[in-house]
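One structure is given below, encoded as structure tokens.
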Amino acid sequence: MTGWHTDEDWLAAYARGGLDRVRAASVEQHLIGCATCRAAVAPHADAALLARAWTGTVDVLDRLRTSPFERLLTVLGLSPSAARLATGASAARRAWVVGCVLVAAFAIVARDMDGRAATWFLTVAPLAPLTGVALAYGPGVFAMHEVVAAAPYPRLRLVLLRCLPVLPTTALLLVVGGLVLPGTAGAGLWLLPGLALATLGMVLERVVGVRAAVAGLAGLWMCGVASARITTGSVLGAFSPAVQVASSVIVVGTVVVALVGARRIRGVR
Amino acid sequence: MEDTALIASIAQGDRNALATLYTRHAPWLQVRLRRRCADDDVVAEALQETFVAAWRGAGRWRGDGDVAAWLWGIAVRRLVDLVAKRPRHRSLAGVPDPVVASAEEQVLLGVEYADVATALNRLSPDLIAVVQATVLDGLTTREAARLLRIPQGTVKTRMARARMLLREALS
Ligand SMILES: [Zn+2]
């Protein structure tokens, strides 16, 4: 609004309820769009009432609980706002954590039956970081996504923050792998392909959306495992040195590209 | 700082940004709420719930539209809920009838009534309350019914009657 503003007498009359309906309505219509007149009406507000409502607001905010994980991150040195970004638990993510725990528990229980538990575990475990990262980060399931779209928060930093909660469960899967698979080296076999799938998921999410990215990559991975089993007779073929090297290249390459891109954006600004 | 930037900071847990938003918007919201509800306790509670809702809902802010309109949309709905919750609560303050407005005020303001204004001001308080709730506050029929404590059907018939009277007065 330029030029015309509500008359001070009108504002005073409006604030004490004296203005007739039609003029009150036109004042209200103007106030919605005019910061100058909103500020001009402020002195007519009840200061005591405003102070009371603010105290009440702060009380409610103090009572809103912070999750234990959020408090832990704050203790570890993250700023409170970063900790809040990193957690922000959604029902979908809680379901994912439960799923990972079930995968691990099943692998331990089935360990003594036959060797198949280990191969089953190796097939599924690489998908855990991918789905975890997608749930922590993708739109639709991630309420902060719209804020990020609106706010100039460094995207890479946000992604890394959001992936923090994935770490404990990943560590749990590593430990379980160590129990299930012969030799400690075997436990980490799934880790690099898992990380590669997760980073590919983050890249593809921007292009095709989070659901298509996760479903496509998961499908490709299962096909890869199946074909490895057919051609080499074991799912371990899907974890061959060549696959591990390719996975490392994907992870390192994506991180480098992201870092360079972030620096270039900062340079432009 | 722009309002939209404040909302983004609030979404990231910045209490100071919320305090700034409150200082900027709570006063006019209070004045506007006060014109719809005479009870200071209810107005204070509606304000408080509005800014708690803004704190929680800042993450869902899409970055388009006007922050003032967004806040008013929350505030008037909080008011509707609070008024509906209190069965024996004093009814809406309403706006004084133009006839009641003092002669002194008329002189002070010295405004010529346009045709539309005259026609609107001739509507009965019942009808004007419905027009205000639905047209100016943007409430749904259901929300207007809860705010005014009348059945939804009555909101619809009063709105239809107001339209008819206005059309007659302006033709
Ligand atoms: Zn103005």
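Chains as they are written, first to last, in my numbering: chain A, 1 to 269; chain B, 1001 to 1171.
Idealized CB from N, CA, C, for every residue including glycine.
What you are looking at is a predicted structure, and each value in this text was computed from that prediction instead of being measured.
Straight-line CA distance for A1005(B) to E70(A)?
As a working note, residue 1005(B) is residue 5 in the second sequence. As a working note, residue 70(A) is residue 70 in the first sequence. The straight-line gap from Cα to Cα measures roughly 24 Å.
Taking the CB atoms as reference points, tell me whether L167(A) and S247(A) lie closer together than 8 Å.
Translated into positions along the first sequence, residue 167(A) becomes position 167. Translated into positions along the first sequence, residue 247(A) becomes position 247. Not closer than 8 Å, so no.
Reference A198(A); option with closest CA among L189(A), V207(A), A218(A)
The count along the first sequence starts at 1 and reaches residue 198(A) at position 198. The option with the nearest alpha carbon to A198(A) is A218(A).
C-alpha distance - A1069(B) paired with V225(A), whole-angstrom precision:
Locating residue 1069(B) in the second sequence gives position 69, where the first residue counts as 1. Locating residue 225(A) in the first sequence gives position 225, where the first residue counts as 1. Each residue's Cα considered, the two are about 54 Å apart.
Pick from D62(A), T170(A), A40(A), L73(A) that is closest to V97(A), judged by C-alpha positions
Here residue 97(A) refers to the residue found at position 97 when the first sequence is read from its first residue. Comparing Cα-Cα distances from V97(A) to each of D62(A), T170(A), A40(A), L73(A), the minimum goes to T170(A).
Enumerate in chain order the residues of its own chain whose CB-to-CB distance from R1034(B) is below 6 Å, with the five nearest sequence positions on each side excluded.
In the second sequence, the residue the question calls residue 1034(B) occupies position 34. Cβ neighbours of R1034(B) beyond the five flanking positions: V1043.
Answer yes or no: do D213(A) and G194(A) have a C-beta to C-beta separation smaller than 8 Å?
Translated into the one-based positions of the first sequence, residue 213(A) becomes position 213. Translated into the one-based positions of the first sequence, residue 194(A) becomes position 194. Looking at the sequence shown, residue 213(A) is not Asp but Ala. No, the pair does not count as a contact, with Cβ atoms beyond the cut-off.
Would the C-beta of T1118(B) count as close to ligand 1, meaning under 7 Å from any of its heavy atoms?
Here the question's residue 1118(B) lines up with position 118 in the second sequence. No, ligand 1 has no heavy atom inside 7 Å of this Cβ.
Does the distance between the C-beta of H30(A) and the nearest non-hydrogen atom of ligand 1 fall short of 7 Å?
In the first sequence, residue 30(A) corresponds to position 30, counting from 1. Correct: H30(A) has its Cβ closer than 7 Å to ligand 1.
Please say whether W4(A) and V27(A) have beta carbons closer to each other than 8 Å?
Taking the first sequence and counting its residues from 1, the one referred to as residue 27(A) is at position 27. Taking the first sequence and counting its residues from 1, the one referred to as residue 4(A) is at position 4. Contact: no.
If you follow the alpha helix (DSSP H) that W1072(B) is part of, which residue opens it and which one closes it?
Position 72 of the second sequence holds residue 1072(B). First-last of the alpha helix (DSSP H) with W1072(B): 1067-1085.
Looking only at its own chain, which residues have a Cβ that is under 7 Å from the Cβ of A104(A), when we skip the five neighbours before and after it?
Taking the first sequence and counting its residues from 1, one reaches residue 104(A) at position 104. Excluding positions up to five away in sequence, the list reads L172, L173, V176.
Is H30(A) close to chain B, meaning its C-beta is less than 8 Å from at least one C-beta of that chain?
Taking the first residue of the first sequence as position 1, residue 30(A) is located at position 30. It does not: the Cβ of H30(A) has no partner Cβ on chain B nearer than 8 Å.
Taking the alpha carbon of Y1022(B) as the point to measure from, which residue in Y14(A), T55(A), E8(A) has its own alpha carbon closest?
Taking the second sequence and counting its residues from 1, the one referred to as residue 1022(B) is at position 22. Taking only the C-alpha atoms, the option nearest Y1022(B) is T55(A).
Can you list, in chain order, the residues of its chain whose CB lies under 7 Å from that of I250(A), leaving out five sequence neighbours each side?
Within the first sequence, residue 250(A) is the residue found at index 250, counting from 1. Cβ within range, chain order: A196, T199, L200.
So what does DSSP say about P1151(B), is it helix, strand or coil?
By one-based count along the second sequence, residue 1151(B) stands at place 151. Looking at P1151(B) - three-state DSSP - the assignment turns out to be coil, as it is neither helix nor strand.
G209(A) versus L130(A): straight-line alpha-carbon distance, rounded
By 1-based counting over the first sequence, the position of residue 209(A) is 209. By 1-based counting over the first sequence, the position of residue 130(A) is 130. Straight-line Cα distance between these residues: approximately 14 Å.
Compare the C-beta of N1121(B) with all C-beta atoms of chain A and state if any pair is closer than 8 Å.
Residue 1121(B) sits at position 121 when you count from the first residue of the second sequence. Closer than 8 Å: yes.
Between which two residues does the alpha helix (DSSP H) containing F1051(B) stretch?
What you label residue 1051(B) is simply residue 51 of the second sequence in a count that begins at 1. Its alpha helix (DSSP H) spans residues 1040-1057.
Does any heavy atom of ligand 1 sit closer than 7 Å to the C-beta of H5(A)?
Along the first sequence, one-based indexing puts residue 5(A) at 5. Yes, the beta carbon of H5(A) sits closer than 7 Å to at least one heavy atom of ligand 1.
Thinking C-alpha only, which one of D1066(B), R1078(B), A1038(B) is nearest L1139(B)?
Working through the second sequence from its first residue, we reach residue 1139(B) at position 139. With distances taken between Cα atoms, L1139(B) lies closest to R1078(B).
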